[in-house]
Amino acid sequence: MQLKVENLEVSYGNIKALHGVSFSVDAGEIVTIIGANGAGKSTTLRAISRMVPSAPGSVLEFNGQDILKYSADKVVAKLGISHVPEGRRIFGNLTVTENLTLACFARKDTDQIAKDLKWVFDLFGRLEERKDQLAGTLSGGEQQMLAVGRAFMSGRKIMLLDEPSMGLAPLLMLDMFDALKEINKTGTTILLVEQNARLALKFAQRGYVIENGTLVLEGKASDLLDDPEVKKAYLGA
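The C-terminal residue of the sequence shown carries number 1563 in our numbering, and the numbering is unbroken.
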């Protein structure tokens, strides 16, 4: 088990967003969390990456290390947990290349950084074409490529992805998920939060369903695709 989440509780003021969420992700897996807007999907990722505080009694472990002992920057630098947030949050006043190299702030493996940069440009040819362009002038799809590429460059062991298909045209959306499969083949574990449940379950190996801050269902992604309740609630069937 690479990532272990047990009894995760998160509150925003007096509003409890997560109620004792527990799940796990094995090394090299692709796992998805699906659910309605406001169900707690994004909050789960933010808790893992230490962007929001977890309540006492919550357990978050990565490769046997207590995530709660690390600050958000050390979660990336020391543990190798990268987070592609909803909305991308790239640095618009920096070039594509500067965004990618900035993600390597804690890395010392200069030769591998150069290889990773080439790999990202091979994967996302549009980024290479625009490598000297300010990131804020990119299209939405190109910015999403940059956000994913930046997470790759951080030296990730696991990549947390929050709504990577949001705002993308259908063909570009499929291209993005093909790229994520290639990233997974490098040994990168993927934990994906996605509103497009059908796409997510076709992409992932296992899935969890969250409702009102509580995990209510889990299983193989193929089984969840065929589950009548999942179809009714999330697949438009």
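Beta carbons are placed, not taken as given, at the ideal position from N, Cα and C, and that holds for glycine.
Predicted model, so just to flag it, every value in this text is computed and none were measured.
Query: Cβ pair T1515, E1355 closer than 7 Å; Result: yes
Query: Cut-off 7 Å between Cβ atoms - residues of its own chain near G1513, not counting five sequence neighbours on either side; Result: G1354
Query: DSSP bridge partner residues for V1535 (one or two, in chain order); Result: I1360, L1543
Query: Straight-line gap, L1541 to S1408 (C-alpha atoms, nearest Å); Result: 23 Å
Query: Residue range of the alpha helix (DSSP H) that includes G1466; Result: 1466 to 1479
Query: Beta-carbon proximity check, R1476 vs L1426, cutoff 7 Å; Result: yes
Query: Buried or exposed by the 16-neighbour rule on C-beta atoms within 10 Å, applied to I1509; Result: buried
Query: Check whether L1329 and L1344 have beta carbons under 7 Å apart; Result: no
Query: I1341 beta carbon near the ligand COA (any heavy atom closer than 6 Å); Result: Summarising the ligand content, the structure contains no ligands, and the ligand COA is consequently not present.
Query: Environment of F1431 [buried if 16+ CB atoms lie within 10 Å]; Result: exposed
Query: Burial state of E1468, where buried means 16 or more other Cβ atoms lie within 10 Å; Result: buried
Query: Distance, I1374 Cα to S1368 Cα; Result: 10 Å
Query: Y1534 burial status per 10 Å Cβ neighbour count (16 or more: buried); Result: buried
Query: Simplified DSSP state of A1343, which is helix, strand or coil; Result: strand
Query: Three-state secondary structure assigned by DSSP to E1489; Result: coil
Query: Within 7 Å, strictly: CB atoms of G1277 and G1406; Result: Given a span of 1327 to 1563 for the chain in the structure shown, any question on residue 1277 remains unanswerable.
Query: C-beta contact flag for A1429 and M1377 at 7 Å; Result: no
Query: Cβ shell of T1423 (< 6 Å), same chain only, five flanking positions each side left out; Result: K1457
Query: Close Cβ partners of K1342 (< 8 Å) along its chain, the five nearest in sequence each way excluded; Result: E1335, V1336, G1539
Query: Per-residue burial, R1414 [other beta carbons within 10 Å of its own, 16 or more giving buried]; Result: buried
Query: Element boundaries [alpha helix (DSSP H), containing F1388]; Result: Not the alpha helix (DSSP H): F1388 falls in the beta strand (DSSP E), residues 1385 to 1388.
Query: Whole-number beta carbon distance between L1561 and R1524, since they are thought to touch under 8 Å; Result: 5 Å
Query: Where E1335 falls: helix, strand or coil (DSSP); Result: strand
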